[in-house]
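Participant: Please read through the structure below; I'll follow up with questions.
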Amino acid sequence: MVPKKIKSKRVRTAHKHRILGRIRDHHRKERRAARKSPGKHNSKFLNQLEAIISNNMHLVETKKDPGIPNEWPFKEELLNEIQAQKNEAEEEKLRDKQVQQAERAKAKKAAKKAEVAENIAAAKAAAAAAARAAVVVDKKPKKTSKK
């Protein structure tokens, strides 16, 4: 059996450019609609931009440090100092994290203690109200039978 010929993916250039123009027009209309009513027509670009702004991220990525040239005098000492600074910064970050965890645990414990005290006070108030109601019930006059 003879294999089928593969259909060519060739497209006329005029057709290709017509499609690209329609895409540009569509994107332009989307952006315009998003500017006029941001809640109704959210475009992908605006959503990404809002996410970047809300997370305080930078739009432009910072360039990487090119490093230290090999011919730099006392390169090893400089590298050791930089590594020591990085280690110190990391340790500081860990200490801050532990302090924050301790503060959160302390606040949580205080909140729980306050909640327990509030529950005890509510229970005492309910018991006192029940005792007052019992006293009121006992003070009702007794019915006498009529003869």
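Numbering (our numbering), first residue to last: 1065 to 1211.
All C-beta atoms, glycine included, are put in the ideal place defined by N, C-alpha and C.
Mind checking which residues open and close the alpha helix (DSSP H) that includes K1071?
Facilitator: Careful: K1071 lies outside any alpha helix (DSSP H) and carries neither H nor E.
Participant: Does the beta-carbon distance from K1139 to I1132 come in below 7 Å?
Facilitator: yes
Participant: What are the boundary residues of the alpha helix (DSSP H) that includes K1128?
Facilitator: Per DSSP, K1128 belongs to no alpha helix (DSSP H) and is neither H nor E.
Participant: Output the boundary residues of the alpha helix (DSSP H) element that contains E1094.
Facilitator: That run of the alpha helix (DSSP H) goes T1077 to K1100.
Participant: Can you look up V1066 in the DSSP assignment and give me helix, strand or coil?
Facilitator: coil
Participant: Hey, how far is the Cα of A1078 from the Cα of G1085?
Facilitator: 10 Å
Participant: DSSP state of N1119, grouped into three classes?
Facilitator: coil
Participant: Once DSSP output is grouped into helix, strand and coil, what is the label at E1152?
Facilitator: helix
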